[in-house]
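**Q** Take 1 as the starting number for the sequence shown in UniProt numbering and just add one per residue.
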Amino acid sequence: MALTILPAATFAQYPTITREAQAKIDSMQAAWTAHSDSAWAVAFPIVKQEAMEGRPYVPWASRPYDLRQAKIPAFPGAEGGGMFTFGGRGGKVLTVTNLNDAGPGSFRWACEQGGARIIVFNVSGNIVLKTPIIVRAPYITIAGQTAPGEGVMISGESFQVDTHDVIVRHMRFRRGNTHVWYREDSF
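Shown next, in the form of structure tokens:
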């Protein structure tokens, strides 16, 4: 007796997104993009100035060898494709002094600045994002190990990187609520 196995079509169990839900996420993403564009408009002249001073901005880079490489590792023990990234080396030091979502001294404020920068922390705890942080200005080091106590956790919304020469160390990222119409990851 022969057994015949016929393939069956299967479909993922992903819910249908209603027009109202799609309109809501489109509106939210437009607001997030507008905020990111306004922060970038302030940061970009600084990025251009630093590019003329030897820190090139390479928005089309997709591989490590598309970028300038440092002669020493990004940090002790660095390995892999980004091991010779510059990060914020030699840039200004910005200190996160509160756990607020936005405003001076916040993590968002530090991430949205232009120019080479090293972000350090004078606080520890959970930073709950109400909207995504989109890092667009290159040459940034986020030194989570500088936070006192239990360190820093970013939750609620996504942390997005849309640039090069980024170092993120000793940080925790957790996604908050997810909705059928918006399922981004935490980082």
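Beta carbons: idealized from backbone N, C-alpha and C, even for Gly.
Could you tell me the distance, in whole angstroms, from the CA atom of V93 to the CA atom of Q113?
**A** 11 Å
**Q** Look at the alpha carbon of I154 and the alpha carbon of G176, and state the distance between them as a whole number of angstroms.
**A** 10 Å
**Q** Below 6 Å CB to CB, which residues in the same chain sit around T141 once its five sequence neighbours on both sides are set aside?
**A** So the qualifying residues of the chain are G87, G88, I118 and I167.
**Q** Output needed for P132: all residues of its chain with C-beta closer than 8 Å, excluding positions within five of it in sequence on either side, in chain order.
**A** W32, E157, S158, F159, Q160 and E184
**Q** Note the first and the last residue of the continuous alpha helix (DSSP H) segment covering I46.
**A** R19 to M52
**Q** For H170, which of Q145, G149 and F187 has the nearest alpha-carbon?
**A** Q145
**Q** Output yes or no for whether 9 Å exceeds the beta carbon distance between G105 and T97.
**A** yes
**Q** Is S27 buried or exposed, if buried means 16 or more other CB atoms sit within 10 Å of its CB?
**A** exposed
**Q** When the Cα atoms are used, what is the spatial distance from G149 to A102?
**A** Rounded to the nearest whole angstrom, the C-alpha separation of G149 and A102 is 22 Å.
**Q** Would I134 pass as a contact of D162 if the rule is Cβ separation under 9 Å?
**A** yes
**Q** Please name the residue or residues paired with G153 in a DSSP beta bridge.
**A** At residue 153 the sequence reads Met, which differs from the Gly that was named. DSSP lists N126 and R172 as partners of M153.
**Q** What are the start and end residues of the beta strand (DSSP E) that includes A110?
**A** Careful: A110 lies outside any beta strand (DSSP E), inside the alpha helix (DSSP H) at F107 to C111.
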